[in-house]
Amino acid sequence: MRLFAIGLAAAALCAAQEPTRIFMSHCMSCHSPNSGAHAPMIEAMAGIPWQDILKTLEGGSMKVQGATLTAEERVVIARYLGRAGPAVIPEMSGFCPAGAKPAASKLSWNGWSPDDQNTRFQPAGAAGLDAAKVKTLDLKWAFGFPTGTTAFGQPTIVGGRVITGSNDGTVYALDARSGCIYWRYQAKSLVRAAVVVGPGPRAYFGDLESNAYAVDANTGKLIWQKKLDDQPFTRITGSPKLHDGRLYVPIASQEENAGSNPQYPCCKFRGNVVALDAKTGAIIWRSYTTPEPGPTKVSPAGVQYYGPSGATVWSSPTIDLKRKLLYVATGNGYSDPDIKTADAVVAMDMATGKIRWAQQASPDMFNWDCGGRGRPTAGNCPENPGEDVDFGSSPMLVHAGGRDLIVAGQKSGVVHAFDPDQNGKIVWQTRIGKGGKLGGILWGMAAAEGLVFAPLSDMGSPDPGGLFALDPSSGKIVWQTPPPKPPCAGQRGCSAAQLAPPTAVPGLVFSGSMDGHLRAFRISDGAIVWDFDTAREFPTVNGIKARGGSFSGTGPTVADGMVFVNSGYANTGGMAGNILLAFSVK
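Following our numbering, the numbering of the sequence shown begins with 110 at its first residue and continues without gaps.
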């Protein structure tokens, strides 16, 4: 009996250790602080129903990693990481009264930027906010996203409504003044790209399975839906651009993550932009940033690899009506051979999609088989790997020094200026940080009043953050404001890094930080004139328990004297959160 009891105890100990072993051997390299991967920490996943984690491992973005586990192991690790119990969506209150309509307003922030040039500047008439009024800015209402650990989706403000996506694929239309819910639409997957509203009115958006949607902006009723790319791991992360009846949609992919498995035949994804008829969803043209991939080398284990691949378009395109061009910034190449359209600004003809020119900033071949270990001897990491320092943010078209320039920030920590009249010739390059997988300029910049504003996101470095103002004509740094010491110092996920895109209004630049603070900087000298800590719980208008956290993928939007921002970002090792905050001028 004693031996039997010892055997039972040993079996129980092995069972208890099994999920830890699986996590350490299969998951830890990405789901750990400063790994550089866009993956949530273990404590953030504790708030996700385990069934959702299992779905991700079986058929979602982690299916290649899940394929290395048995069916039983996938269930074990999902239960270990996720929240116990059934995946129940909590009851939600706060719906607008039947027949209610928003207060009439022509002031808007529509899509990624209120302008085609992606400067993220809201002029005085539309903003209703400036340096004199910012000190009266106070929280008006808060809205909670159910079951969320990351508040995806930059808010769009049109016609008195705030429309935003969420991490469970629900798109909400809320009253800008009160936060009550007009309608909800359930997409097939997570919606993180900003919604664009056009005539009809129609609301256009994409999800993380590369589905594009058009819904009635007044009711949320589906008008059309179209799958834009069938290659595994494709997604829409950048907001579409709408012009003259055409919707220009950027297509991204996380196939570089699948490359972490040497048994995966990496890689075949080709970055692309799709032009759609906004009325019907019909494809007008598709332009690839990568040539057709073909077989390259065979691994010692007999796995056939492919290339070239990658040059993903993560961000919203920029429209240049003067030259009738569309500018997109591309990510790194995923597999050999190297291509000149990766880590580049690419100019496409708006009418046909034909590539007119491409200017590479710096070559950067990378997939997650390279990881942080250097190049393996027998994997699918490219022969001369970079550090994953691609363009994750939109290029901006600005006028400076008597000419137009395209200004783009890279994860390398370098801001670049390109000449659109000389096939993208590099005019200047200015380094503001060390750069890295989550470093440099990650999700965006802004431009206003003769300056370009670049937030620094060097997570894990001694100087991880700060806001920089550059002269766009020369690239010279005019001022820089170091980040305050994080009030949350010592808390897991707290960082002074500024990954989120900034937003400019007359006299001010708003910039969110991974420490959960949203700050307003004075344009004239960079002084911080307003600071709000979002990393705490708030009562919500819809009855959902919610709190703020880190700022990363999306920035604040401003219209009619109000500021709207989603807070909480667990995917890059930050502090989890699930809230939309609405501020107004008193």
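Beta carbons: idealized from backbone N, C-alpha and C, even for Gly. Note that the coordinates shown come from a computational prediction; the quantities given were computed from them, not determined experimentally.
Boundaries of the alpha helix (DSSP H) in which residue i is found, first to last residue
i: Gly621; result: Taken as a continuous stretch (DSSP letters only), Gly621 belongs to no alpha helix (DSSP H), being part of the beta strand (DSSP E) at 617 to 621.
i: Gly234; result: 233 to 236
Start-to-end residues for the beta strand (DSSP E) that takes in residue i
i: Gly368; result: Taken as a continuous stretch (DSSP letters only), Gly368 belongs to no beta strand (DSSP E), as it is neither H nor E.
i: Gln295; result: 290 to 295
i: Ala326; result: Ala326 -> no beta strand (DSSP E), and no H or E assigned at all.
i: Ile428; result: 427 to 429
i: Ile434; result: The sequence given here has Leu at residue 434, not Ile. Run containing Leu434: 434 to 438, per the beta strand (DSSP E) assignment.
i: Pro404; result: 403 to 407
i: Tyr678; result: Counting along the chain, Tyr678 falls outside any beta strand (DSSP E), and DSSP gives it neither H nor E.
i: Asp386; result: 381 to 386
i: Ala578; result: 576 to 579
i: Gln340; result: Gln340 -> no beta strand (DSSP E), and no H or E assigned at all.
i: Leu547; result: Segment: none, Leu547 is in no beta strand (DSSP E) and carries neither H nor E.
i: Met457; result: 453 to 458
i: Asp513; result: 512 to 518
i: Asp528; result: 523 to 528
i: Gly416; result: 413 to 416
i: Gly257; result: Taken as a continuous stretch (DSSP letters only), Gly257 belongs to no beta strand (DSSP E), as it is neither H nor E.
i: Lys350; result: 350 to 352
i: Val243; result: Premise fails: Val243 is in no beta strand (DSSP E) and is neither H nor E.
i: Ala555; result: 555 to 557
i: Pro564; result: 560 to 564
Whether residue i touches residue j by CB criterion (8 Å)
i: Ala384; j: Cys375; result: no
i: Val305; j: Pro349; result: yes
i: Val674; j: Gly625; result: no
i: Gly257; j: Asn687; result: yes
i: Leu283; j: Phe692; result: no
i: Val638; j: Ala296; result: no
i: Ala361; j: Ile345; result: yes
i: Val412; j: Ala438; result: no
i: Glu496; j: Lys449; result: no
i: Gln263; j: Gly657; result: no
i: Pro417; j: Asp445; result: yes
i: Tyr281; j: Ser275; result: yes
i: Gln607; j: Gly584; result: no
i: Ala636; j: Phe254; result: no
i: Cys597; j: Ala644; result: yes
i: Leu351; j: Tyr294; result: no
i: Gly522; j: Gly549; result: yes
Proximity to residue i [Cα-Cα], best of the options
i: Pro400; options: Pro426, Gly442, Thr273, Glu364; result: Gly442
i: Ser217; options: Ala679, Gly670, Asp447; result: Gly670
i: Ser222; options: Thr681, Thr666, Lys585, Val672; result: Thr666
i: Ala285; options: Ser298, Leu299, Val267; result: Val267
i: Asp225; options: Glu364, Leu356, Gly549, Pro409; result: Leu356
i: Ile632; options: Ser319, Leu560, Tyr414; result: Leu560
i: Thr279; options: Thr265, Ser298, Glu558; result: Ser298
i: Gly269; options: Asp277, Val243, Asn489, Ala235; result: Ala235
i: Asn219; options: Arg311, Ser396, Thr328; result: Arg311
i: Asp478; options: Trp250, Pro491, Cys603, Gly347; result: Pro491
i: Asn327; options: Leu434, Ala251, Lys210; result: Lys210
i: Gly315; options: Leu337, Lys330, Ile332, Pro308; result: Leu337
i: Pro472; options: Val300, Ala451, Gly237, Phe660; result: Ala451
Burial state of residue i (16 or more Cβ within 10 Å)
i: Gly677; result: buried
i: Gly544; result: buried
i: Ala679; result: buried
i: Val407; result: exposed
i: His508; result: exposed
i: Pro581; result: buried
i: Met133; result: The predicted position of Met133 is uncertain, since its pLDDT is 46 and thus under 50; no value can be drawn from it.
i: Gln600; result: exposed
i: Thr461; result: exposed
i: Thr398; result: buried
i: Asp429; result: buried
i: Phe204; result: exposed
i: Ala320; result: Just to set this straight, residue 320 is Asn in the shown sequence, not Ala. Result: buried.
i: Arg512; result: exposed
i: Gly682; result: buried
i: Gly483; result: Because the pLDDT of Gly483 is 49, which lies under 50, any placement of that residue in the model is unreliable, and the number read from its coordinates should be weighed accordingly. It is exposed - the Cβ of Gly483 has fewer than 16 other Cβ atoms within 10 Å.
i: Ser202; result: exposed
i: Thr389; result: exposed
i: Asn480; result: Reading the sequence as shown, one finds Gly at residue 480 and not Asn. The residue is buried, with at least 16 neighbouring Cβ atoms inside 10 Å.
i: Lys377; result: buried
i: Lys249; result: buried
Would you call the segment 528 to 539 and the segment 643 to 658 touching, i.e. three or more CB-CB distances under 8 Å? No, the segment 528 to 539 is not in contact with the segment 643 to 658.
Using 8 Å as the Cβ pair cut-off and three pairs as the minimum, do the segment 564 to 578 and the segment 603 to 612 touch? Proximity of the segment 564 to 578 to the segment 603 to 612 meets the contact definition, three or more beta-carbon pairs being nearer than 8 Å.
Stretch-stretch touch, CB-based, cutoff 8 Å, three pairs: the segment 213 to 233 with the segment 501 to 514: A contact is defined here as three or more CB-CB pairs under 8 Å, and the segment 213 to 233 meets this definition with respect to the segment 501 to 514.
Evaluate contact between the segment 422 to 431 and the segment 461 to 481, counting only Cβ atoms and requiring at least three cross-stretch pairs below 8 Å. No, they do not touch.
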